[in-house]
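Numbering (my numbering), first residue to last: 395 to 637. Positions of the beta carbon are idealized from the N, C-alpha and C atoms, including for glycine. In this text, all values refer to a predicted model and were calculated from it rather than measured experimentally.
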């Protein structure tokens, strides 16, 4: 079971069979989401993320999935998100960024496509974007001080935070009414243009996370300072969108 999965689609029949076997009619749908749906997928490195939608009865029996989750984690399949259809329908006002991210990068695997017709109120999206950006700005400042600006520690902070900003960027493009690119790099570039940010800063952050560049301590510190400045600039612009 340790073999890398070159194309996530190759496991669709087996993983569907596994969940159908334990949930039967309580299995509403299975969907692949995230980087595994497109060109950003890297075999052996990228997680493979599934959404498992169960009936109201089925969600009470998560223990049925113990062995399946354990089995597929050996092949870089992350612990799936388990939900009910009602939970999704009543959560788009609370977690619009997350569900926009799901909707922008998913492939139906089995059953009912519950994401296709989801709709979102722009002000709810903008509010969550503002809240997330301002919250992350505080956390980034705290991390900068906690690490004393040391390169290796900052690299870990960058790796953990840049993914969240890509999801926020996707949501901001929706607020602006702009088409969502499929690749992370293009999402960064289009968002930077729309909000007058320095795209090169976020591109370098992405390259740091992906181990494509290895800046020294001084360069990493300078990059992180620019990161803070760009996020601060973005927080002001998103706040201004609210009028």
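Backbone secondary structure at residue i - three-state DSSP
i           : result
residue 413 : helix
residue 478 : strand
residue 427 : strand
residue 453 : helix
residue 505 : strand
residue 600 : helix
Buried or exposed by the 16-neighbour rule on C-beta atoms within 10 Å, applied to residue i
i           : result
residue 495 : buried
residue 429 : buried
residue 473 : exposed
residue 427 : buried
residue 643 : Within the shown structure, residues of the chain are numbered from 395 to 637, placing residue 643 beyond reach of any answer.
Close-in-space but distant-in-sequence residues of the same chain around residue i (CB under 7 Å, 5 per side omitted)
i           : result
residue 562 : 491, 523, 526 and 527
residue 477 : 445 and 447
residue 520 : 569, 632, 635 and 636
residue 497 : 509 and 512
residue 456 : 476
residue 395 : Annotation note: pLDDT 47 at residue 395 (below 50); position unreliable, coordinate value reported separately. Within the same chain, residue 395 has close Cβ partners 465, 468 and 469.
Rounded C-alpha distance that separates residue i from residue j
i           : j           : result
residue 549 : residue 602 : 7 Å
residue 588 : residue 483 : 30 Å
residue 415 : residue 621 : 48 Å
residue 467 : residue 584 : 34 Å
Reference residue i, options the options, closest by Cα
i           : options               : result
residue 575 : 416, 424, 432 and 630 : 432
residue 503 : 442, 628 and 634      : 442
residue 543 : 585, 612 and 595      : 612
residue 547 : 618, 413 and 463      : 618
residue 515 : 424, 566, 506 and 608 : 566
residue 405 : 417, 420, 419 and 424 : 424
residue 462 : 409, 481 and 539      : 409
residue 578 : 592, 596 and 571      : 596
residue 555 : 606, 533 and 481      : 533
residue 506 : 421, 471, 529 and 558 : 421
Close Cβ partners of residue i (< 6 Å) along its chain, the five nearest in sequence each way excluded
i           : result
residue 487 : 518
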